[in-house]
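Participant:
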Amino acid sequence: MKEIVSLTALQLAHAIRNRDLSIPEVTQAALERAQKDKHNCFITLTPEQALHRAEGLQQRIKEAESPLYGVPTALKDNICTRGIRTTCASKILGDFAPPYSASVVELLANAGTVSIGKTNMDEFAMGSTSETSFYGPVINPWDSTCSPGGSSGGSAAAVASEIVSFALGSDTGGSVRQPASHCGLTGIKPTYGTVSRYGLIAYASSLDQIGPLCKDAADCAAVLDTIQMYDRHDSTSIQDNYGNLLNNLTGDVRSLRIGIPSEFFDVGLDETIRNAVLAVAEVLRSRGASVKEFSFTMLSSAIPAYYMIACAEASSNLARYDGVKYGLRSKEYTDLNDMYCKTRTHGFGSEVKRRILLGTFALSAGYYDAYYKKALQAKAMTQAAFQQAFQSFDLLLTPVSPSTAPKLGSSLNDPLKMYLSDMYTAVVNLAGLPAMSMPCGFDSTDLPIGAQLIAPHKGEGIALNAAHAFQLETDFHKRRCPI
Amino acid sequence: MYISKEILAQLSRLSKLELSEQEQQKLTDELQTVINYMQKLSLLPEEDTNPADHAVTPCNVFREDRVICSQNRSELLLCAPATNGETFTVPKTVD
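Here the protein sequences come in this chain order: A and B. Under our numbering, the residues of the first sequence are numbered 1 to 483, in order. Under our numbering, the residues of the second sequence are numbered 484 to 578, in order.
1. Suppose you measure from the CA of LEU75/A to the CA of ARG556/B; what does that come to, to the nearest Å?
2. Could you please give the first and the last residue of the uninterrupted beta strand (DSSP E) stretch that includes SER170/A?
3. Leaving out the 5 sequence neighbours to the left and right, which residues in its chain are closer than 7 angstroms to PRO98/A when beta-carbon positions are compared?
4. Buried or exposed for ASN40/A, going by 16 or more other Cβ atoms inside 10 Å?
5. Could you tell me whether the Cβ of TYR135/A comes closer than 9 angstroms to any Cβ of chain B?
6. Listing by chain order, which chain A residues have their CB less than 9 angstroms from the CB of ASN555/B?
7. Taking 7 angstroms as the limit between beta carbons, can you name the residues of its chain near ASN140/A, skipping five residues before and five after?
8. Let's see if you can read the secondary structure: which residues bound the beta strand (DSSP E) around PRO72/A?
9. Would you report the Cα separation of ALA160/A and LEU12/A, rounded to the nearest angstrom?
10. Report the neighbours of CYS214/A on chain B: residues whose CB is nearer than 9 angstroms to its CB, in chain order.
11. State the start and end residues of the unbroken beta strand (DSSP E) segment that holds LYS342/A.
12. If we call anything under 9 angstroms between Cβ atoms a contact, is ASP270/A one with PRO482/A?
13. Compute the distance between the beta-carbons of THR378/A and ALA426/A, then report whether it is under 9 angstroms.
14. Note down, one range per segment and in chain order, each alpha helix (DSSP H) of at least 4 residues found wholly within the segment 352–405 of chain A.
15. Can you grab the Cα-Cα spacing for the pair ALA217/A / ARG19/A, in whole Å?
16. What residues in the segment 546–570 of chain B bring their beta carbon closer than 8 angstroms to a beta carbon of chain A?
17. Beta-carbon of GLN501/B versus every beta-carbon of chain A: anything under 9 angstroms?
18. Which of the residues in the segment 521–547 of chain B, read from start to end, lie with their CB under 9 angstroms from any CB of chain A?
19. In chain B, which residues lie with their C-beta within 9 angstroms of the C-beta of GLN49/A?
20. Quick check on DSSP: helix, strand or coil for ALA34/A?
21. Can you check the segment 264–317 of chain A for any alpha helix (DSSP H) of at least 4 residues that lies completely inside it and give the ranges in chain order?
22. Skipping 5 residues on each side, what residues in its chain have a beta carbon closer than 7 angstroms to that of PHE442/A?
23. Report yes or no: do three or more beta-carbon pairs, one from the segment 190–200 of chain A and one from the segment 464–479 of chain A, lie closer than 8 angstroms?
24. If you compare alpha carbons, which of GLY243/A, ALA289/A, ALA310/A is closest to LEU207/A?
25. For TYR371/A and GLY359/A, what's the separation of their Cα atoms in angstroms?
26. Can you tell me the Cα-Cα spacing of ASP240/A and TYR230/A, whole angstroms?
27. Who are the Cβ neighbours of ALA276/A in its own chain at under 6 angstroms, not counting the five residues just before and after it?
28. Looking at the unbroken alpha helix (DSSP H) that takes in PHE470/A, where does it start and where does it end?
29. Run down chain A in chain order and give the residues with a C-beta less than 8 angstroms from the C-beta of SER495/B.
30. Taking its Cβ as the centre, do 16 or more other Cβ atoms sit within 10 Å of CYS542/B, making it buried, or is it exposed?
31. So, for TYR203/A: in the same chain, excluding its five sequence neighbours on each side, which residues have a beta-carbon less than 8 angstroms away from its beta-carbon?
32. Would you tell me roughly how many angstroms separate the C-alpha atoms of LEU412/A and GLN515/B, rounded to the nearest one?
33. Taking just the CA atoms, how far does PRO261/A sit from VAL428/A?
34. DSSP puts LEU200/A in a beta bridge; with which residues?
35. Go ahead and pull the three-state DSSP assignment for PRO522/A.
36. Just by C-beta distance, which residues in the segment 218–252 of chain A are closer than 8 angstroms to chain B?
Written out as structure tokens, the structure is:
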């Protein structure tokens, strides 16, 4: 059992193709671990469907083409799965079972993966610690007193505790990269528009992207090859040539120009994290990359711009939760308006309410120009700043988070502190660029540290190849949490 | 920018949220702290920068004008808290 759960997704699929392992066997192993899970990774498990599917896939194994065929996985619970409860970790979605599946779910199914369930998260993806869930907080497998990060904390914890070898999360301001960093995983937010958002329950539509959390860069490449595709159901989907990321992983970073934006390493960054991330540069330099520091002046406006835009969009997106078409409807009300108010008041948690109110403020008459419009201007300036940076560099190297995994409960009463922890990641979402997080060290209490690689538009391959090069030289990504 | 009780009351009306006295006090303080921080946006240079709605320039998507079934009615109604078998039902809206 220990050997099965320690494998990466690609190793597992290889063993399945070689008939060393069977799909029902690996699925059963995943389900057994999920059922004993102590980290509250899952909101819903689907053992019957998973085992039935595993049997069917095993019978058709000769038709297997995908490098992920037969591999168990888990899906963040804001990704619609037809007929299977999808809650966004919120009371207001009650027992909502979508009548359709997200495009990424269909793509993973076509590739022969087996979903074993829906993972826990911050409510409506609003949070950085996976503590705002209606179903209770997720616990970091590395330290049971710590949060796994968020909002894709359940997906991160499920991979880190070796229940599944990869999982899908979503990233609006860092919600794949930051929990990947806090849980010792490799995770990637793809270029905006390259992974369909059809079936991803919206938080902030101009920023949301689905991305994988995996054990290494090669697995990330394989998953992205599977889920990156033009989708006519998503009006922001980009037409492009997809599917070559895994094949192009060579580890060759000669002549790669890496930029280190000095503002990301300023006051407030933990010294151990600074040293670990800068050490990544040295490893890549030893493999032929060049490294140079430069100034990126738009970091200080990233959090105000991100939160104004994200909350404004959230206030609009979450207006649909009114008790009419799906989800919770309050039992007692006097009229239609009262039904809306009571449903939303009883159905949403406090962080969601806070962000809806903040977003409503940003869009209100009298404040729109000073806040929302200004935030959109900051977004434009951030995009321009990145474009300028990528004239001189092929990749940017930064920390993922100013600290390692926080203690459970330490952020809940200080929303601004929680928001500021997203600084290094949210700036990337404003520009719609791809960025990934990979393990690069551990702090004095053995909590993982992540380094962020930011690539230019549609430059996932550059980031993945650099991460692959780093992972050929180091073994931080191979360390497993004590279970 | 001072977040008064009246402003919070207006925001909660617009958001269709009811806040208890305790929540009002807590949220007033929290929103004030956050909005004070958002003032950093006013420090940006007064350039003639076009606001960026999108990270990627949107491109209009066309398709053939064909009638296609989008969703099954009965499946959609299964999700709803109250229906009459044909439509969603809600409290009376017009006298």
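Even for Gly, the Cβ is constructed at its ideal location relative to N, Cα and C. None of the values given here were measured: they were computed from a predicted structure.
Facilitator: Working from what's here:
1. When the Cα atoms are used, LEU75/A and ARG556/B turn out to be separated by approximately 27 angstroms.
2. Boundaries of the beta strand (DSSP E) around SER170/A: 167–171.
3. Counting only Cβ-Cβ distances below 7 angstroms, and skipping sequence neighbours, we find CYS80, THR81, ARG82, THR86.
4. Label assigned to ASN40/A: buried.
5. No, its Cβ sits nowhere closer than 9 angstroms to a Cβ of chain B.
6. PRO99, listed in chain order.
7. Residues of the same chain with a CB within less than 7 angstroms of the CB of ASN140/A, apart from the 5 flanking positions on each side, are CYS146, SER147, PRO148, ALA157, HIS182, CYS183, ALA405 in chain order.
8. 72–76 is the span of the beta strand (DSSP E), which, as asked, contains PRO72/A.
9. If I take the Cα positions, the gap works out to 16 angstroms.
10. Per Cβ cutoff of 9 angstroms: no residues; CYS214/A is ~24 angstroms from chain B at best.
11. For LYS342/A, no beta strand (DSSP E) run applies; the uninterrupted alpha helix (DSSP H) run containing it begins and ends at 336–347, by DSSP.
12. No. Outside cutoff.
13. Looking at the sequence provided, one finds Ala at residue 378/A rather than Thr. With respect to ALA426/A, ALA378/A sits apart: the two C-beta atoms are not nearer than 9 angstroms.
14. If we require 4 residues or more, the alpha helix (DSSP H) runs fully inside the segment 352–405 of chain A come out as 374–392.
15. Annotation: ALA217/A to ARG19/A spans about 25 angstroms, alpha carbon to alpha carbon.
16. Those residues of the segment 546–570 of chain B that come within reach of chain A (Cβ to Cβ, closer than 8 angstroms) are ARG546, GLN554, ASN555, GLU558, LEU559, LEU561, CYS562, ALA563, PRO564, ALA565.
17. This sequence places Glu at residue 501/B; Gln is not what is there. Yes, because at least one Cβ of chain A sits closer than 9 angstroms to the Cβ of GLU501/B.
18. The segment 521–547 of chain B vs chain A, Cβ under 9 angstroms: MET521, GLN522, LYS523, LEU524, SER525, LEU526, LEU527, PRO528, GLU530, THR532, ASN533, PRO534, ALA535, ASP536, HIS537, ALA538, VAL539, PRO541, CYS542, ASN543, VAL544, ARG546.
19. In chain order: nothing, as chain B lies at least about 18 angstroms away.
20. In the structure shown, ALA34/A falls within a helical segment according to DSSP collapsed to helix, strand and coil.
21. Runs of the alpha helix (DSSP H) inside the segment 264–317 of chain A: 271–286, 302–317.
22. So the qualifying residues of the chain are PRO448, ILE449.
23. Put simply, the segment 190–200 of chain A does not touch the segment 464–479 of chain A. Fewer than three CB pairs are less than 8 angstroms apart.
24. Minimum Cα distance to LEU207/A is reached at ALA310/A.
25. Approximately 10 angstroms between the Cα atoms of the pair.
26. If you draw a straight line from the Cα of ASP240/A to the Cα of TYR230/A, it comes to about 7 angstroms.
27. Here the set comprises CYS440, GLY441, ILE449.
28. Judged by DSSP secondary structure, PHE470/A falls within the alpha helix (DSSP H) whose first and last residues are 460–473.
29. Neighbours of SER495/B on chain A, chain order: LEU357.
30. CYS542/B comes out exposed.
31. Taking C-beta separations shorter than 8 angstroms and ignoring five residues to either side along the sequence, the partners of TYR203/A in its chain run ASN78, PHE124, ALA125, MET126, SER170, THR172, ALA310, GLU313, ALA314, ASN317, following chain order.
32. Within the model, the alpha-carbon separation for LEU412/A versus GLN515/B is close to 16 angstroms.
33. Rounded to whole angstroms, VAL428/A to PRO261/A spans 13 angstroms at the Cα level.
34. Note: LEU200/A sits in a beta bridge opposite ILE79/A.
35. Residue 522/A is absent from the structure shown; chain A starts at 1 and stops at 483.
36. Answer set for the segment 218–252 of chain A: ARG232, SER235, THR236, ILE238.
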